[in-house]
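J.:
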Amino acid sequence: MQTISVRRANDLGNAARSAVEGLLGRKVADEEHVTVMAYPVQPVESEPDRLAAVGDLIGDLDSTVTRNGGRGR
1 MQTISVRRAN DLGNAARSAV EGLLGRKVAD EEHVTVMAYP VQPVESEPDR LAAVGDLIGD
61 LDSTVTRNGG RGR
């Protein structure tokens, strides 16, 4: 099943181009590329799982800062 489609704006039919322009709220130039993606909804994690993921992320970020001696990049 295809979940992504990329087209040049000038290759779109009138209805498709009008729909894209309506979603973007602006005209689309002929040379622009339009990408459409569709993907299934992911189930929402429980609050304890989200909090654990946040803790893991913070730990990973802290480790990165420590390895870099507190420097940005």
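Residue numbering for the sequence shown follows this note's numbering, starting at 1 and increasing by one per position.
We put the beta carbon where it would ideally sit given N, CA and C, even for glycine.
To the nearest angstrom, report how far apart Glu31 and Val6 are at their CA atoms.
T.: Distance between the alpha carbons of Glu31 and Val6: 13 Å.
J.: Can you name the start and end residues of the beta strand (DSSP E) that Ser5 belongs to?
T.: Ser5 -> beta strand (DSSP E) spans 4-8.
J.: Under 8 Å between the Cβ atoms of Val28 and Val20?
T.: For Val28 and Val20, yes; Cβs fall inside 8 Å.
J.: I need the DSSP call for Val34, collapsed to helix, strand or coil.
T.: Val34 falls in the strand class under three-state DSSP.
J.: Just tell me which of His33, Ala53, Thr66, Arg26 has its CA closest to the CA of Asn10.
T.: Comparing Cα positions, the closest option is His33.
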